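Residue numbers (our numbering), protein chains in the order written: chain A, 73 to 410; chain B, 73 to 410; chain C, 73 to 410; chain D, 73 to 410.
For every residue, glycine included, the Cβ atom is placed at its ideal position computed from N, Cα and C.
Since this is a predicted model, take the numbers as computed values, not measurements.
Scroll down for the structure; my scribbles are underneath it.
Protein chains: 4
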Amino acid sequence: MDFHSDNAAGVHPAVLAAVAEAAGPLPDAYDSDPWSSRLDSAFSTLFEAPVRVFPVPSGTAANALALAAMVPPWGGILAHVEAHIEVDEAGAVPFFTHGASHLLVEGEAGKLTVEALEARFARRRGDVHQVQPAALTLTNATECGTVYTPAEVAALAAFAKARGLRVHMDGARFANAVARLGCTPAELSWRAGVDILSFGCIKNGGMTSDAILCFTPELAKTLPVRRKRAGMMPSKGRFAAAQLLALIEGGTWLQNAARANALADRLAAAAGPRLLWPVEANSLFLRLTPAEKAALRKEGFGFYDWELAGPDAARLVVRWDQDTAAVDALASRLAALS
Amino acid sequence: MDFHSDNAAGVHPAVLAAVAEAAGPLPDAYDSDPWSSRLDSAFSTLFEAPVRVFPVPSGTAANALALAAMVPPWGGILAHVEAHIEVDEAGAVPFFTHGASHLLVEGEAGKLTVEALEARFARRRGDVHQVQPAALTLTNATECGTVYTPAEVAALAAFAKARGLRVHMDGARFANAVARLGCTPAELSWRAGVDILSFGCIKNGGMTSDAILCFTPELAKTLPVRRKRAGMMPSKGRFAAAQLLALIEGGTWLQNAARANALADRLAAAAGPRLLWPVEANSLFLRLTPAEKAALRKEGFGFYDWELAGPDAARLVVRWDQDTAAVDALASRLAALS
Amino acid sequence: MDFHSDNAAGVHPAVLAAVAEAAGPLPDAYDSDPWSSRLDSAFSTLFEAPVRVFPVPSGTAANALALAAMVPPWGGILAHVEAHIEVDEAGAVPFFTHGASHLLVEGEAGKLTVEALEARFARRRGDVHQVQPAALTLTNATECGTVYTPAEVAALAAFAKARGLRVHMDGARFANAVARLGCTPAELSWRAGVDILSFGCIKNGGMTSDAILCFTPELAKTLPVRRKRAGMMPSKGRFAAAQLLALIEGGTWLQNAARANALADRLAAAAGPRLLWPVEANSLFLRLTPAEKAALRKEGFGFYDWELAGPDAARLVVRWDQDTAAVDALASRLAALS
Amino acid sequence: MDFHSDNAAGVHPAVLAAVAEAAGPLPDAYDSDPWSSRLDSAFSTLFEAPVRVFPVPSGTAANALALAAMVPPWGGILAHVEAHIEVDEAGAVPFFTHGASHLLVEGEAGKLTVEALEARFARRRGDVHQVQPAALTLTNATECGTVYTPAEVAALAAFAKARGLRVHMDGARFANAVARLGCTPAELSWRAGVDILSFGCIKNGGMTSDAILCFTPELAKTLPVRRKRAGMMPSKGRFAAAQLLALIEGGTWLQNAARANALADRLAAAAGPRLLWPVEANSLFLRLTPAEKAALRKEGFGFYDWELAGPDAARLVVRWDQDTAAVDALASRLAALS
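What follows is the structure, given as structure tokens:
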């Protein structure tokens with residue numbers, strides 16, 4: 073009955089089994105184990121291109137380390153005003169980048185457009201007095217539960233690259249975007265111009281590890297030392313690797329996301345005109361009066377107020393392992409409210 | 073047969089069981105779970121005093137975050153020349169502290185003395201031009217496999233506190249030190265003047281989490297936001313907490329360390345005059361000629377060269393789950409060499 | 073004929089004389105000289121309250137060091153979207169603060185309002201995941217050539233202080249604001265709630281030094297070491313101090329600003345409806361077509377395009393030593409255009 | 073009668089005249105002035121090679137910015153244990169580099185040797201766990217008043233370059249070294265392998281500016297934005313440039329240094345066996361008992377205790393404008409003591 077966050081979801085049995093399998097002793101530590109050694113090739117297969125993989129303990133770590141590999145301390149990062157890095161990561165990006173600036177841009181339903189970026193550039197100068205943009209970051213699926221298509225990503229990335237910028241994608245819910253769009257992981261990432269992808273697993277059946285996927289070899293050069301120096305090179309690296317492999321090698325990551333998306337669709341259909349934005353992943357944003365919120369909560373449904381969208385907004389997130397009955401119960405209640 | 077590092081040891085069954093037990097879904101994320109909620113009280117019981125506990129994904133993270141909570145960006149940290157923070161953490165401390173300096177002091181067998189600290193202070197000035205010491209860090213058990221007694225820690229901490237410094241202990245192998253000394257955890261930490269302890273679990277049967285234990289309440293104030301900003305506040309915090317609880321609540325942490333210490337003693341007895349320093353924890357440092365090293369490795373024994381102690385030095389570390397037969401085999405070989 | 077920037081103005085004769093007078097040898101270096109020793113008392117007299125004074129080599133340095141003394145690395149700084157720290161200081165604030173974030177707020181004519189700040193707060197949460205505001209910065213006179221009155225500053229500062237925030241004022245043109253308002257320096261700074269003021273001199277007849285004025289003693293504690301560590305504690309500190317004293321001790325600072333303001337008024341009267349905002353200090357912002365800009369430049373008038381206000385905007389700044397005839401010539405031309 | 077520091081010396085008349093000449097208004101600000109524009113060519117002439125020049129307000133700023141242009145945040149800087157950056161700059165290097173580490177090496181009379189560097193390297197590993205050296209810094213003249221010859225610099229630089237390191241020279245007293253050695257500035261800098269030189273002027277007749285001289289073009293790329301972001305790009309850049317030009321264009325810098333060196337020689341001859349190290353620039357380090365120090369101070373001679381060299385050490389520095397009679401008086405007293 074809880075729709076607060078997919079962060080509180082359970083761990084997929086395949087992940088748990090993989091962790092158990094990795095629990096025995098090994099000759100050597102850090103990344104010198106069979107699981108860590110297989111990471112690059114497994115993700116390279118999945119993404120149909122050479123990928124360097126760096127497991128990290130959170131999505132915040134993935135985003136901040138990835139951007140640090142792209143942006144100098146004095147650089148700027150073009151981001152949506154509601155980007156997770158701006159709203160919910162406590163300044164991790166300026167910490168890991170040694171002071172890079174977020175250059176925020178508005179956009180409907182959590183999405184940036186080329187026009188908005190152009191307008192932003194028109195008001196800037198290229199001299200030493202101004203923070204110069206060095207990267208563009210896109211969240212996909214977005215913080216508003218919408219998705220960028222491969223074509224949209226490609227257009228934004230092309231704009232960025234024409235100006236010498238790198239392109240990062242916050243893919244905390246990349247699986248949900250791929251599942252929704254029916255595209256390949258490659259189409260939504262490096263083929264569209266993404267240099268580094270923060271690949272979310274924890275929300276999607278994982279346990280303690282997300283990953284940085286680097287498609288552009290020169291950007292991978294500093295990541296090993298940045299990761300070590302950030303205290304994120306675990307001495308028992310096999311556990312992070314085993315989780316990631318368990319999710320991707322059998323396709324579980326995509327099945328989990330597809331299920332959550334489908335259940336979110338049921339809620340969306342029920343919520344109808346209350347929806348703030350189209351439901352394209354596993355999150356819904358609704359208008360609910362205080363009385364309606366209270367009533368739902370009294371019945372046991374958990375969800376967050378969403379201050380960013382005003383005092384009567386609410387966010388509901390469907391998990392990969394959400395109980396179907398709970399979804400149906402909530403759908404009935406939402407339909408009744410409408 | 074491998075004595076490279078306790079970092080490559082296995083995971084204790086109790087830890088694995090605890091992780092499995094925590095694998096189901098929860099209402100809320102981050103630290104809002106029954107395991108995380110119990111951490112402070114469980115460690116407070118073990119240490120006989122109020123403790124704030126912050127799980128982190130590595131010992132490097134524990135040391136660097138702990139020191140960042142104690143030392144301003146312009147401060148200095150008195151440390152042994154062979155301290156792990158100086159030798160093996162890739163500059164994590166200046167990263168997390170925003171530039172604090174290590175003020176290194178020499179000392180026999182990995183240990184600092186009050187006399188050496190006094191000599192260091194005599195050569196310094198207190199003005200704005202010099203980096204002023206703000207903390208003292210001690211590693212216990214030390215990087216040389218020796219231990220500080222509670223009285224030694226107390227004397228060093230008293231020296232530090234008289235000069236306004238905070239005291240940190242790198243306890244990656246704190247369990248081994250406590251097991252060796254037969255003292256209480258309290259006696260070797262806050263009762264001796266330690267403000268924050270990096271409490272190692274991963275080497276000692278854990279999986280993916282060590283912990284910062286903060287005994288001095290005012291130093292805990294900034295740790296939540298520092299940890300979040302460093303990408304180390306996991307959305308599924310229960311897994312770190314469950315591991316830590318599994319190790320300490322039944323005394324497993326101490327049993328594991330005691331076993332490793334005892335096996336290290338067998339090797340020490342066999343190595344005799346080859347030992348560089350007394351064996352007081354689970355590590356041995358030996359003189360071995362290149363031919364001797366090669367012979368041992370050919371027989372399957374794994375261990376590191378130890379450049380810091382010269383070209384013919386070697387380090388052997390005994391793990392909590394080291395095979396007894398392997399220890400006995402190595403002991404025989406060492407005895408035969410002597 | 074040049075109206076690009078007061079940064080290119082000349083040095084006031086009193087400043088030059090003071091520098092020459094300080095040129096001889098002294099017994100000791102850094103701040104151990106008669107000029108530096110007199111700084112605190114001279115500014116305390118001018119501001120009718122105890123002030124700690126820290127000379128710095130630029131306004132950027134003043135703003136960034138001042139904010140670093142107020143805001144932790146993970147803190148936020150509420151600022152106008154066109155604040156100099158955001159638009160023209162190349163990320164100096166995140167550099168000196170070790171990563172603090174600008175939390176930008178819109179406002180007409182370069183000015184923040186309590187209502188806008190309230191709206192900003194309503195959309196935020198107070199938890200560890202979000203950057204928490206730690207300071208409010210106001211520029212006075214603003215980047216748009218307008219001024220905050222003492223009452224306006226007091227209202228904004230009261231809002232900030234009620235939420236535990238510190239208050240900084242970027243006073244690169246503080247002299248122009250005081251001269252315009254006819255208030256005392258105290259009324260526009262600490263009496264209105266300002267904790268630290270960046271006091272501009274270089275634009276106003278100075279040579280190489282601006283100053284940080286700290287009214288809140290506890291915020292001054294870290295400034296000496298921060299300034300030293302930033303390479304801004306000059307070994308011949310007497311030259312910065314002598315300049316600052318020369319400007320303030322005889323009232324020159326206020327006379328210079330008043331003259332520039334008065335000349336700007338002449339231009340404002342001539343520009344009439346072309347003005348984007350009221351002219352309340354020594355800067356004017358005009359609508360000018362490309363043809364008009366080109367014509368004026370051809371006649372020798374220098375000024376900047378002002379991209380922030382759109383493609384047909386221009387900024388003209390009047391200096392303390394601007395030639396009267398040049399002002400009158402430009403006023404005639406502007407009047408003719410209208 | 074004061075021998076505390078050349079930092080407290082007077083300003084050379086040519087510098088003062090140059091500053092006065094630059095005092096008038098200009099069309100544009102920052103580095104857009106005739107003096108700043110001439111800097112690169114003037115220093116290129118002096119050094120017989122293309123040089124990029126960046127004026128900065130202190131030697132600390134010069135060293136820290138120069139090293140930041142060479143060393144990543146996770147890099148190490150090989151330096152003498154008594155290097156000014158370690159002993160007297162309050163952690164400026166870790167601030168500007170975002171956390172680079174000093175890797176200290178001992179050496180007689182303030183000088184590093186290739187042998188000592190080799191020993192240091194022998195004890196290190198090249199893996200991701202250790203801070204990897206990225207630069208070597210030499211102070212010339214050294215903090216002990218000795219000098220490296222061009223051949224010595226070349227040998228050390230060759231060692232560094234063979235390992236991929238950059239080479240920095242702290243030339244706070246570079247003029248004194250050149251004057252002593254009778255070599256060209258080129259021979260003691262880029263021809264010997266120096267990539268960036270901190271060129272001291274303030275101690276040697278300047279007023280408020282030292283300079284970074286960059287001989288290696290690729291290292292100059294980030295210096296403009298680093299300097300701006302550090303608040304060290306002055307809006308009236310002409311004053312720094314005018315000082316530097318005034319000192320170098322007529323050879324004053326070398327005459328000033330030669331005079332100070334010659335007077336230091338007189339003192340050295342008188343001090344005889346009390347000297348700790350050879351006097352090769354303008355500083356002397358002596359053994360003096362507390363009673364002897366007190367007696368000299370009572371007679372009006374000013375100088376510092378030198379804790380680094382023990383409780384009975386003293387440092388005396390001769391300035392470019394030191395009074396000859398004072399030197400002779402002190403020489404007599406020292407001779408009488410011996």
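Along chain E, in chain order, which residues have C-beta atoms closer than 8 Å to that of residue i?
i: GLN202 (chain A); result: No chain E appears in the structure shown, which is made up of the protein chains A, B, C and D.
Short of 7 Å in beta carbon distance, which residues of its chain neighbour residue i, apart from the five on each side in sequence? Order them along the chain.
i: GLU259 (chain C); result: PRO222
i: TRP107 (chain C); result: ALA94, ARG310, ALA313, ALA314 and LEU317
i: ALA140 (chain C); result: PHE168, THR169 and ARG298
i: PRO306 (chain A); result: ALA312
i: PRO122 (chain A); result: SER116
i: LEU409 (chain A); result: GLU364
i: GLU321 (chain C); result: ALA114
I'd like to check one pair, residue j with residue i: are the Cβ atoms closer than 9 Å?
i: ASP282 (chain C); j: HIS240 (chain C); result: no
i: GLY217 (chain B); j: ASN354 (chain B); result: yes
i: TYR220 (chain B); j: LYS183 (chain B); result: yes
i: ALA386 (chain B); j: LEU358 (chain B); result: yes
i: ALA133 (chain B); j: PHE271 (chain B); result: no
i: ARG195 (chain A); j: GLU379 (chain C); result: yes
i: ALA114 (chain D); j: ILE149 (chain D); result: no
i: ALA164 (chain C); j: ALA136 (chain C); result: yes
i: LEU454 (chain D); j: MET142 (chain D); result: Since the displayed chain D opens at 73 and closes at 410, residue 454 (chain D) lies outside it and no answer follows.
i: MET304 (chain D); j: VAL87 (chain D); result: no
Return the chain-ordered list of same chain residues with a C-beta closer than 8 Å to the C-beta of residue i, the five sequence neighbours on each side being excluded.
i: VAL399 (chain B); result: LEU335, ARG338, LEU339 and VAL390
i: TRP325 (chain B); result: ALA247, CYS273, ASN276, GLY277 and LEU319
Among the residues of its own chain, which have a CB less than 6 Å from the CB of residue i, if the five just before and after it don't count?
i: MET73 (chain A); result: GLY372, PHE373 and ALA398
i: ASN79 (chain A); result: LYS275
i: GLY82 (chain C); result: ASP393
i: LEU388 (chain B); result: PHE75, LEU356 and PHE375
i: ALA227 (chain C); result: VAL186
What separation, rounded to the nearest whole angstrom, lies between the Cα atoms of residue i and residue j?
i: LEU285 (chain C); j: ASP112 (chain C); result: 9 Å
i: LEU454 (chain A); j: ARG192 (chain A); result: This structure cannot settle anything about residue 454 (chain A), because the visible part of chain A is limited to 73 through 410.
i: ALA181 (chain B); j: SER109 (chain B); result: 40 Å
i: ALA330 (chain B); j: VAL250 (chain B); result: 9 Å
i: GLU161 (chain A); j: GLN202 (chain C); result: 6 Å
i: ALA89 (chain D); j: PRO144 (chain A); result: 41 Å
i: ASP105 (chain B); j: PRO257 (chain A); result: 33 Å
i: VAL383 (chain A); j: LEU360 (chain A); result: Note that residue 383 (chain A) corresponds to Pro in the displayed sequence, not to Val. Answer to the nearest angstrom: the Cα atoms are 9 Å apart.
Consider the C-beta atom of residue i and the heavy atoms of the ligand PLP; say whether any pair is separated by less than 8 Å.
i: ALA234 (chain C); result: Annotation note on the ligand PLP: not contained in the displayed structure, which lists no ligands.
DSSP has residue i in a bridge; who is on the other side?
i: LEU210 (chain A); result: A:MET241
i: ALA386 (chain A); result: A:LEU358 and A:ASP377
i: LEU175 (chain B); result: B:LEU150
i: TYR102 (chain D); result: D:LYS308
Which ranges would you report for the beta strand (DSSP E) in the stretch 124-173 of chain C if only whole runs of at least 3 residues count? Listed in chain order, they are 124-128 and 147-152.
Of all the alpha helix (DSSP H) runs that stay within the bounds of the stretch 229-314 of chain A, which reach a length of 4 or more residues? Taking only runs of at least 4 residues, the alpha helix (DSSP H) segments lying wholly in the stretch 229-314 of chain A are 246-253, 289-292 and 295-301.
Continuous alpha helix (DSSP H) assignments of at least 4 residues falling wholly in the stretch 340-383 of chain D: Within the stretch 340-383 of chain D, the runs of alpha helix (DSSP H) at least 4 residues long that lie entirely inside it are, in chain order, 362-370.
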